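In the numbering used here, the protein residues as written are 41 to 213. One structure is given below, encoded as structure tokens.
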């Protein structure tokens, strides 16, 4: 996982009063990276995704980095977990390469979002309306392109998460 894309949004929602769990496909700790290659901090996992449900949470943040979402999208429990948030109309924040998880969960068709440039063709092929903007909100789905967008992304996820469920989001699944 890209460290800044994990830490900044996490800190933003904690500062807004949220309780946050780090959910992963494996227990123990996850290794964060800077620029995908330079090891940074490690973070303790609070819950493994095979034992997690969207029913236990109010919102979801999917940070980027290239390897994190690439590994996650190959895990059926992780894909199920993401899809459950859309089925339950709960807000989701996704940045950088994180939308790969949304493609795998088949929840982008007809949705407006942004991402890191190299994912845009994948998103269009999956039926998304892709735009190149700092932060995009579509019925509870908040997306941003890269770490440069983090200030706007963090502000918007706090706002959307506070709003709660978005009925239109469930209709997109």
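Quick reminder that beta carbons are idealized off the backbone N, C-alpha and C, glycines included. As the structure is a prediction and not an experimental result, all values here were calculated from the model.
*Counting Cβ pairs closer than 8 Å, one from the region 149–156 and one from the region 172–190, do we hit at least three?*
yes
*Could you please give the first and the last residue of the uninterrupted beta strand (DSSP E) stretch that includes residue 79?*
Here residue 79 refers to the residue found at position 39 of the chain shown. Run containing residue 79: 78–84, per the beta strand (DSSP E) assignment.
*Looking at the structure shown, is residue 200 part of a helix, part of a strand, or coil, going by DSSP?*
Sequence index remark: in the chain shown, residue 200 carries index 160 (1-based). DSSP places residue 200 in helix when its eight states are reduced to three.
*Roughly how many angstroms separate the alpha carbons of residue 214 and residue 72, rounded to a whole number?*
Since the first and last residues shown for the chain are 41 and 213, residue 214 lies out of range.
*Kindly examine the ligand HEM and report whether one of its heavy atoms sits closer than 7 Å to the Cβ of residue 152.*
With respect to small molecules bound, the structure shown includes none, and the ligand HEM cannot be examined in it.
*Can you tell me which of the three DSSP states residue 61 falls into?*
Taking the chain shown and counting its residues from 1, one reaches residue 61 at position 21. Note: residue 61 maps to coil in three-state DSSP.
*Cα-Cα, which of 186, 179, 64 is closest to residue 114?*
For the purposes of this step, residue 114 is identified with residue 74 of the chain shown, where counting begins at 1. When each option's Cα is compared against that of residue 114, the closest is 64.
*Taking C-alpha atoms, which residue in 187, 166, 60, 117 lies nearest to residue 41?*
Here the question's residue 41 lines up with position 1 in the chain shown. Out of 187, 166, 60, 117, 187 has the C-alpha closest to the C-alpha of residue 41.
_Starting from residue 72, trace the alpha helix (DSSP H) in both directions and tell me its first and last residue._
The residue labelled residue 72 in the question sits at position 32 within the chain shown. No alpha helix (DSSP H) contains residue 72, which is instead part of the beta strand (DSSP E) from 69–74.
*asked:* Going by C-alpha to C-alpha distance, which of 150, 179, 189 sits closest to residue 170?
replied: For the purposes of this step, residue 170 is taken as the residue at position 130 of the chain shown. Considering only alpha carbons, the answer is 150.
*In this structure, does DSSP put residue 151 in helix, strand or coil?*
Here the question's residue 151 lines up with position 111 in the chain shown. The answer is coil: DSSP assigns residue 151 none of H, G, I, E or B.
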